[in-house]
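Q:
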Amino acid sequence: MAEPRKVAASSGGLTEIIGDPSEVAKGTRIFDDKQITHLSRFENRLFADALGSGASPYKVSLVFGDGREVKGKCSCVAARSRPFCKHAAALLVAWARAPEAFVTTDTAPAGAGGPAKKSVKKGKTETGELMKAGVAQVSTLVRELGLSGVTSLSEDRAEQVRALGESLRANGLRRLAARTVEVAALLEQAAARTGTFEPPVFTDLVADMLLTARKVEKHLGGESLEDRYVEELIGKTWTKKDRAPIEGLTLVEYSFTTRTTPDNFLVRESRFLELGSGAHYTEKQILPAFLKTVEPKKSHAGVVLEEAKGGQYPGFPPRRLDLEDAKSTHPQDDSALRLLVKMALPDVGAALAAFQEHRKDVFAPELLPVALRVQTLLASGQRSQLVDSGDRGLFLPADSRLEEPFAAALEGATLKVVLGDVGLEAALPTLFPLAVVVETPEGLELRGLGLREATEEPTRRRRRRAKPEAPVAVPRSGWADAAREAGASRAAIALAEVRDELAEKFSNGLSSLSPRAVEPLVARLRELGLEKPGALLEALAQRPDAAERLDDFVKVYQVLGIALVRLAGAAQVQGDTLEPVPTHPSIHIRKPEAPLPPGEALLKRARGELSRYEAAAHAAHYYASLDADSLLESLYPAWSDGAASTFVARAVAARPKERVLEVVKQALSEHHSRMVRRTAIQVLGQLEVHAARVLLDGMTRKGHDAGLRLHAREVLNDVQARETGPASIAALAKVRQGRIRPLAQRALSEPTREARLAAVDQLEGLGLTQAWPVLRQVFYGDPSNEVRRRAAMALAWLGDSEVLDKYVHSVEARDTDDEEAKTAVYALGVLGDVRGAETLLAAFVDGWKPGVVSDSLKTFGLAMLEPAVRLAETRPEAMERQALRNLFERFPADALSKVLLAHVEAARAHPERLTRFGTYLKLANENIHGAGKVVAAALLDIPDAAGDKTLSRAAKKSLGVKT
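According to the UniProt record's numbering, the sequence shown holds residues 1 to 963 in order.
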């Protein structure tokens with residue numbers, strides 16, 4: 001039978017077969033746009049899937065006959081009227097340009113037609129030959145990249161490398177396949193010249209590819225290979241008899257992730273800590289990313305698996321399990337988590353010692369799973385650090401995505417343990433966190449940090465699948481400054497800098513490693529006591545043939561990497577210069593020299609000059625500096641600022657009860673935002689008078705806002721429990737946890753989106769602030785966009801201001817995710833926190849979804865008054881929008897007049913005072929309750945305003961005086 005013959009990739013060669021140049025052009029575009037996938041070949045036929053306008057891809061095939069005969073076949077409608085449709089043309093273009101991308105199969109794909117053939121298992125000889133060929137291809141690729149560097153590569157080289165990676169996976173070379181696809185992504189970054197390409201990451205990957213190729217090559221030549229290396233380097237289907245039986249495990253799941261690998265496999269993974277030994281295990285479901293029909297693996301969140309058993313795969317920590325059964329399961333309770341804390345590593349030094357031992361093996365994974373006892377999170381400086389009881393710090397990655405979930409997990413709680421992976425970023429020993437154990441008044445809790453990596457969304461229209469990202473999860477730029485600031489080892493910093501410089505030169509090609517170029521690097525290595533690597537570097541640079549430098553360069557680079565692991569040590573933290581963030585007792589920052597007002601602190605936060613924790617500390621110090629009477633009168637901004645709400649409630653409760661009750665009744669008016677009313681409810685909870693309890697009890701039965709009614713019920717129950725005594729407080733907490741725990745487990749572990757949505761709905765319906773932590777985990781980590789959006793609205797409805805920063809960021813990034821921004825706008829309106837007002841106003845003025853934004857603006861009530869007036873001052877053109885002027889229509893006249901008159905007084909010395917006076921009058925005239933007359937009368941008492949004909953005429957008109 002004929003084999004698919006080679007086809008010239010030129011336009012003329014393709015047109016000779018297809019006949020229609022326009023179909024060739026369309027097919028070429030389809031191939032270039034990567035809309036043709038799953039390339040395979042069987043005997044004399046080629047097969048592929050082509051993305052179309054429908055939900056399912058078109059099935060395309062080509063049959064090569066004798067001579068020059070080629071027949072096309074496709075399931076699209078156009079194929080019925082012509083011998084070659086554009087999809088068949090695209091398949092021919094793929095064969096002409098990238099024949100190595102086609103996977104050879106033993107049978108034709110299902111539905112491809114033609115005679116069926118029994119599956120024949122490949123023999124060991126054939127498999128071995130394919131693997132040898134793959135290893136040889138990788139060695140050639142590494143040599144080519146070493147000689148050329150990344151600057152002189154052709155535009156299509158990245159795609160060729162990606163195709164090689166996909167074929168390596170099919171031929172059983174898992175690690176080489178993944179590394180090759182990662183290199184392809186980096187080559188695309190280099191070709192794009194966007195500044196995101198990082199030479200150290202590129203060099204790490206290429207060096208690992210060469211070492212892996214050498215190891216596998218020896219194995220294929222007859223050298224035995226330990227099972228753990230077979231699993232790590234090659235990959236193998238381990239049958240039940242191959243896996244080591246294991247039983248008697250007590251497992252707690254601390255992380256559940258869904259991600260797509262660089263070579264396009266979907267991985268659902270549970271990470272466990274074994275409570276008897278402290279060992280880390282993993283359970284995985286690995287599927288091709290395009291396969292949608294397999295039931296997803298279920299999470300075991302919220303439970304303890306007792307006497308679990310199954311099969312253990314060979315490999316490195318975390319050891320992979322195939323769980324078969326558990327004798328029993330029960331909810332995670334305080335006793336199980338106390339055992340987890342006991343099994344955690346005692347300090348940073350123990351974690352680093354374990355990591356250094358792990359990395360002695362050059363083929364071991366770059367990360368080591370750990371559970372580490374820590375006391376505080378230091379959130380000042382360029383890089384945050386986890387600090388143990390001995391004031392020794394381990395860095396967190398410079399990943400801005402961590403800030404929100406960490407803050408949510410640690411609010412009002414004491415940090416006990418961090419679970420995650422330890423690795424090395426340049427010279428910085430770094431812990432990549434997955435979960436934390438914290439202590440609350442109710443006991444210990446395990447809280448996931450929920451960084452999502454993949455989505456599970458149904459789509460009505462088939463969209464082109466995005467390529468997996470390059471492995472640069474955390475940029476390394478600026479690491480040296482952060483290391484010096486934190487007091488990291490000078491030797492480690494110097495060695496890491498040498499290694500980075502070598503990586504930079506390698507990415508430019510081995511020819512750049514001239515004797516003159518390496519001379520200062522050799523000198524620095526000798527200063528560090530690394531004589532042998534320095535001598536080898538000096539010798540390889542003197543070789544005239546650049547190709548002969550590769551092996552020794554990789555040897556030097558890897559030796560320096562091992563030395564760097566040994567030198568990496570914990571940073572010593574000066575604990576006496578730190579103070580806790582008031583709302584987050586386990587998060588410490590450098591003591592601020594002078595407290596900033598909340599507005600100024602938020603401005604510096606927006607400019608990146610303060611962390612969110614430093615901004616919160618400034619706000620707390622500012623409010624603490626105010627006397628209780630000032631706080632009592634300051635509904636805006638104090639009562640409407642969610643970050644200050646609890647502090648305000650405690651402070652004003654100490655003032656005369658009658659006066660406090662009077663202000664509370666004013667604050668409960670529906671003219672005010674929900675955050676003001678929630679603060680008023682909290683104030684009532686702090687007042688130890690009968691009238692406060694009566695008011696709370698009344699609020700549980702009236703008002704159209706069910707969320708506030710439930711919050712009033714929650715606060716009233718707290719008051720009643722405190723009056724009864726500690727036993728009642730504990731019993732109430734137990735009852736609430738009993739209601740939340742089963743719903744929390746379902747929200748975090750159910751495999752279907754619909755089940756998790758239902759659990760989120762029920763958690764919201766409880767109306768309890770104790771549901772915040774689990775809803776935050778869902779909000780930050782659920783793989784479904786729909787579930788995350790539902791959790792966002794539930795948190796807003798329950799008054800959780802801790803996630804406000806995330807809402808604000810989503811609105812500010814509205815150009816990148818329209819639906820997420822829309823949800824954030826609604827959530828900000830429901831929350832009613834004054835800190836979100838200016839973000840909404842900015843979106844409205846920019847004309848982004850004015851109907852959606854204006855609805856949220858209206859829900860803010862009086863919280864929007866001051867920000868809207870400031871906007872009118874700074875951007876007068878914004879007041880041309882009628883919807884924005886309408887905000888002032890129904891404000892109470894006394895509240896609006898008071899704010900506008902304060903601005904009039906402040907503007908009297910301003911150079912543009914007449915323009916501002918006119919703006920204030922225009923705003924006041926929008927009010928249907930008569931604020932215009934009050935402001936007009938005040939302006940006529942100011943000589944400058946009365947002397948301006950236009951302004952005077954407008955003011956008199958507002959007063960009904962004829963001019």
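Ideal Cβ placement from N, Cα and C applies to all residues, glycine included.
What you are looking at is a predicted structure, and each value in this text was computed from that prediction instead of being measured.
Identify, in the order they occur along the chain, each residue of the same chain with its Cβ nearer than 6 Å to the Cβ of L367, setting aside the five sequence neighbours on each side.
A: Within the sequence shown, residue 367 is the residue found at index 367, counting from 1. So the list reads D421 and G423, once near-sequence residues are dropped.
Q: T430 bridges to which residues according to DSSP?
A: For the purposes of this step, residue 430 is taken as the residue at position 430 of the sequence shown. Beta bridge pairing from DSSP links T430 with F395 and G423.
Q: Does DSSP classify V120 as helix, strand or coil?
A: In the sequence shown, counting from the first residue as 1, residue 120 sits at position 120. Confidence is the limiting factor: at V120 the pLDDT is only 48, short of 50, which leaves the residue's position unreliable, though a coordinate-based value still follows. Here V120 sits in coil by DSSP.
Q: What did DSSP end up calling D156 once you bin it into helix, strand or coil?
A: Taking the first residue of the sequence shown as position 1, residue 156 is located at position 156. D156 falls in the coil class under three-state DSSP.
Q: Using the DSSP secondary-structure output, state which residues sit across from Y281 in a beta bridge.
A: Locating residue 281 in the sequence shown gives position 281, counting from the first residue. Beta-bridge analysis with DSSP links Y281 to F272 and R319.
Q: I need the DSSP call for A435, collapsed to helix, strand or coil.
A: As a first step, residue 435 must be located in the sequence shown, where it is residue number 435. A435: strand per DSSP, three-state reduction.
Q: For L449 versus A409, is the C-beta distance shorter than 8 Å?
A: Residue 449 sits at position 449 when you count from the first residue of the sequence shown. Residue 409 sits at position 409 when you count from the first residue of the sequence shown. Yes.
Q: Would you say V299 and S277 are within 8 Å of each other, going by their C-beta atoms?
A: What you label residue 299 is simply residue 299 of the sequence shown in a count that begins at 1. What you label residue 277 is simply residue 277 of the sequence shown in a count that begins at 1. In the sequence as presented, Val is not what sits at residue 299; that position holds Ser. Contact: no.
Q: What span of residues does the beta strand (DSSP E) with Y254 cover, start to end?
A: Position 254 of the sequence shown, counted from the start, is the residue given in the question as residue 254. First-last of the beta strand (DSSP E) with Y254: A244 to T260.
Q: Using C-beta distances below 7 Å, list every residue in its chain close to V24, excluding the 5 sequence neighbours before and after it, in chain order.
A: Position 24 of the sequence shown, counting from 1, holds the residue named residue 24. Result list for V24: S11, L14, T15, I18 and A89, in chain order.
Q: Check whether the Cβ atoms of I740 and H711 lie closer than 8 Å to each other.
A: For the purposes of this step, residue 740 is taken as the residue at position 740 of the sequence shown. For the purposes of this step, residue 711 is taken as the residue at position 711 of the sequence shown. Contact flag unset, no.
Q: Straight-line CA distance for H87 to L394?
A: Numbered from 1 along the sequence shown, position 87 holds the residue referred to as residue 87. Numbered from 1 along the sequence shown, position 394 holds the residue referred to as residue 394. If I take the Cα positions, the gap works out to 54 Å.
Q: By DSSP's criteria, V267 is part of a beta bridge. Which residues make up the other side?
A: Numbered from its first residue, the sequence shown carries residue 267 at position 267. Paired residues: R259 and I286.
Q: Go through its chain and collect everything with a Cβ distance to A747's Cβ below 7 Å, but skip five positions before and after it.
A: As a first step, residue 747 is located in the sequence shown; it is residue number 747 there, counting from the start. Once the five neighbours on either side are set aside, the close Cβ partners of A747 are R756, A759, V760, L763, V774 and V778.
Q: For F47 versus A94, is the C-beta distance shorter than 8 Å?
A: Mapped onto the sequence shown, residue 47 falls at position 47. Mapped onto the sequence shown, residue 94 falls at position 94. Cβ atoms of F47 and A94: not closer than 8 Å.
Q: Assuming V715 and L696 make a contact with CB atoms under 8 Å, what is their CB distance in whole Å?
A: Here residue 715 refers to the residue found at position 715 when the sequence shown is read from its first residue. Here residue 696 refers to the residue found at position 696 when the sequence shown is read from its first residue. Sure, about 6 Å apart at Cβ, within 8 Å.
Q: Going by DSSP, which residues form a beta bridge with I740?
A: Here residue 740 refers to the residue found at position 740 of the sequence shown. Under DSSP, I740 forms no beta bridge with any residue.
Q: What's the C-alpha gap between G918 and V853?
A: For the purposes of this step, residue 918 is taken as the residue at position 918 of the sequence shown. For the purposes of this step, residue 853 is taken as the residue at position 853 of the sequence shown. Answer to the nearest angstrom: the Cα atoms are 26 Å apart.
Q: Between L173 and G134, is the Cβ-Cβ spacing less than 8 Å?
A: Position 173 of the sequence shown, counted from the start, is the residue given in the question as residue 173. Position 134 of the sequence shown, counted from the start, is the residue given in the question as residue 134. Yes.
Q: Count the C-beta pairs between the region 243 to 252 and the region 178 to 194 that are closer than 8 Å, then say yes if the count reaches three, no if not.
A: no
Q: Going along the chain, which residues of its own chain have a beta-carbon closer than 7 Å to the beta-carbon of R913, five neighbours each way excluded?
A: The count along the sequence shown starts at 1 and reaches residue 913 at position 913. A907 and D944, listed in sequence order.
Q: Mind checking G725: buried by the 16 CB within 10 Å criterion, or exposed?
A: As a working note, residue 725 is residue 725 in the sequence shown. Label assigned to G725: exposed.
Q: Which residues bound the beta strand (DSSP E) around A638?
A: Numbered from its first residue, the sequence shown carries residue 638 at position 638. Per DSSP, A638 is not a residue of any beta strand (DSSP E), being assigned neither H nor E.
Q: Considering Cα atoms alone, identify which of Y780, V803 and P850 is closest to L434.
A: As a working mapping, residue 434 is identified with position 434 in the sequence shown. For the residues Y780, V803 and P850, the minimum Cα distance to L434 belongs to Y780.
Q: Is the beta carbon of L415 sitting closer than 8 Å to the one on Q385?
A: By 1-based counting over the sequence shown, the position of residue 415 is 415. By 1-based counting over the sequence shown, the position of residue 385 is 385. In this structure, Q385 does not lie closer than 8 Å to L415 by Cβ.
Q: Apart from the five residues just before and just after E456, which ones in its own chain have a Cβ nearer than 6 Å to its Cβ?
A: The sequence position of residue 456 within the sequence shown is 456, counting from 1. Only weak support is given to the placement of E456: the predicted model assigns it a pLDDT of 44, under 50, and the question is left unresolved by the model.
Q: Do you know whose CA, among A909, A570, F84 and E43, lies nearest G27's CA?
A: As a working mapping, residue 27 is identified with position 27 in the sequence shown. Ranked by Cα distance from G27, the options A909, A570, F84 and E43 are led by F84.
Q: Identify every residue that forms a DSSP beta bridge with T859.
A: Taking the sequence shown and counting its residues from 1, the one referred to as residue 859 is at position 859. T859 is not bridged to any residue.
Q: By DSSP, does I942 sit in helix, in strand, or in coil?
A: The count along the sequence shown starts at 1 and reaches residue 942 at position 942. Correct three-state label for I942: coil.
Q: Would you check if the distance between the CB atom of E531 and the CB atom of K806 is smaller than 8 Å?
A: In the sequence shown, counting from the first residue as 1, residue 531 sits at position 531. In the sequence shown, counting from the first residue as 1, residue 806 sits at position 806. No, Cβ-Cβ distance for E531 and K806 is not below 8 Å.
Q: Do you know how far the Cα of A601 is from the Cα of V387?
A: Residue mapping note: residue 387 aligns to position 387 of the sequence shown, counting from 1. Residue mapping note: residue 601 aligns to position 601 of the sequence shown, counting from 1. About 26 Å.
Q: Are at least three pairs of beta-carbons, each pair with one atom in the region 612 to 621 and one in the region 653 to 664, less than 8 Å apart?
A: no
Q: Taking the Cβ atom as the reference point for each residue, do A619 and A644 lie within a distance shorter than 8 Å?
A: Locating residue 619 in the sequence shown gives position 619, counting from the first residue. Locating residue 644 in the sequence shown gives position 644, counting from the first residue. Yes. Within cutoff.
Q: In angstroms, rounded to a whole number, what distance separates the CA positions of A535 and E357?
A: The residue you call residue 535 lines up with position 535 of the sequence shown. The residue you call residue 357 lines up with position 357 of the sequence shown. Going from the Cα of A535 to the Cα of E357 covers about 27 Å.
Q: Can you look up K806 in the DSSP assignment and give me helix, strand or coil?
A: Numbered from 1 along the sequence shown, position 806 holds the residue referred to as residue 806. It is helical.
Q: In whole angstroms, what separates the C-alpha of G851 from that of V825?
A: Translated into the one-based positions of the sequence shown, residue 851 becomes position 851. Translated into the one-based positions of the sequence shown, residue 825 becomes position 825. C-alpha separation (whole angstroms): 11 Å.
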